[in-house]
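Only one structure is covered here, and it is reproduced in the block below.
Protein chains: 2
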Amino acid sequence: MTSAQYLVLIGSNISKLRKKNGLTSKELGLRCDIEKSNLINIEKGRINVTANTLLKLANALEVEVVEFFKF
Amino acid sequence: MTSAQYLVLIGSNISKLRKKNGLTSKELGLRCDIEKSNLINIEKGRINVTANTLLKLANALEVEVVEFFKF
DNA sequence: AAATAAGGTGTAATATATTATACCTTATTT
DNA sequence: AAATAAGGTATAATATATTACACCTTATTT
Numbered sequence: 031m032t033s034a035q036y037l038v039l040i041g042s043n044i045s046k047l048r049k050k051n052g053l054t055s056k057e058l059g060l061r062c063d064i065e066k067s068n069l070i071n072i073e074k075g076r077i078n079v080t081a082n083t084l085l086k087l088a089n090a091l092e093v094e095v096v097e098f099f100k101f
Numbered sequence: 031m032t033s034a035q036y037l038v039l040i041g042s043n044i045s046k047l048r049k050k051n052g053l054t055s056k057e058l059g060l061r062c063d064i065e066k067s068n069l070i071n072i073e074k075g076r077i078n079v080t081a082n083t084l085l086k087l088a089n090a091l092e093v094e095v096v097e098f099f100k101f
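Residue numbers (the numbering used here), protein chains in the order written: chain A, 31 to 101; chain S, 31 to 101.
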């Protein structure tokens, strides 16, 4: 798997979990202090997200970070 | 858990897995094209490692990325 | 004891993640 | 149909991850 594909899968998982929680991009961004544009790029797998950002997202979505890596 | 503590735990897991594989910092760095100084900072939890770097390390250590997040 | 290897630090340069903001497009709501 | 909300894009500024390299310290080996 290429790193690009990998980032797309992680982003897809984040997106699914956000929707499962009934949150908009803006709401999730506010909840964990992540800029909306950044969040959208992460969900699309366009950027190389950092560990801290993954942790903030996991906390806001009330899941463990490993959930983002399950595929 | 603070993000700083979190990075230390991830780094500690990477360090353990590297030693388990009998690799030096330099060797692991060469194997996955990560600068030795960067790798040492990651293992110490001093920097906010990115997803791609975690993937490269996991491939080189022949584990899944989730192994780094188990604590 | 000297030589070597390993871990680790420091610094400058580069790449890029993240912020902040404005705007656009497309659903959804009224 | 108009208004609103949501997703998405574009750009500039800032912060920082990563590289590249030199050097230091401490084990380990010879």
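The beta-carbon is built from N, C-alpha and C at its ideal position, and this holds for glycine as well.
These numbers were taken from a predicted model, which means no experiment stands behind them.
Per-residue burial, residue i [other beta carbons within 10 Å of its own, 16 or more giving buried]
{"i": "A90 (chain A)", "result": "buried"}
{"i": "G41 (chain S)", "result": "buried"}
{"i": "T83 (chain S)", "result": "buried"}
{"i": "T80 (chain S)", "result": "buried"}
{"i": "F88 (chain S)", "result": "In the sequence as presented, Phe is not what sits at residue 88 (chain S); that position holds Ala. Buried is the call here."}
Span separating the alpha-carbon of residue i from that of residue j
{"i": "K50 (chain S)", "j": "F101 (chain S)", "result": "17 Å"}
{"i": "L60 (chain S)", "j": "I72 (chain S)", "result": "15 Å"}
{"i": "K74 (chain A)", "j": "S67 (chain A)", "result": "11 Å"}
{"i": "C2 (chain S)", "j": "T54 (chain A)", "result": "Limits of chain S in this structure are 31 at one end and 101 at the other, which puts residue 2 (chain S) out of reach."}
{"i": "E97 (chain S)", "j": "K46 (chain A)", "result": "22 Å"}
{"i": "F99 (chain S)", "j": "K86 (chain S)", "result": "15 Å"}
{"i": "G52 (chain S)", "j": "G52 (chain A)", "result": "46 Å"}
{"i": "E94 (chain S)", "j": "I70 (chain A)", "result": "26 Å"}
{"i": "I77 (chain A)", "j": "E57 (chain S)", "result": "28 Å"}
Beta-bridge partners of residue i, as assigned by DSSP
{"i": "T54 (chain A)", "result": "According to DSSP, T54 (chain A) bridges with nothing at all."}
{"i": "T80 (chain S)", "result": "A:T80"}
Residue i CB to nearest heavy atom of the ligand MG below 7 Å
{"i": "V95 (chain S)", "result": "As far as ligands go, the structure on display features none, and thus does not contain the ligand MG."}
Interface positions of the stretch 33-63 of chain S facing chain A (Cβ-Cβ less than 7 Å), listed along the chain | Within the stretch 33-63 of chain S, the qualifying residues are S33, Y36, L37 and I40.
Using a Cβ-Cβ cut-off of less than 7 Å, give me the residues of the stretch 72-101 of chain S that come near chain A, in sequence order.
-> Answer in chain order: N78, V79, T80, A81, N82, L85, V95, V96 and F99.
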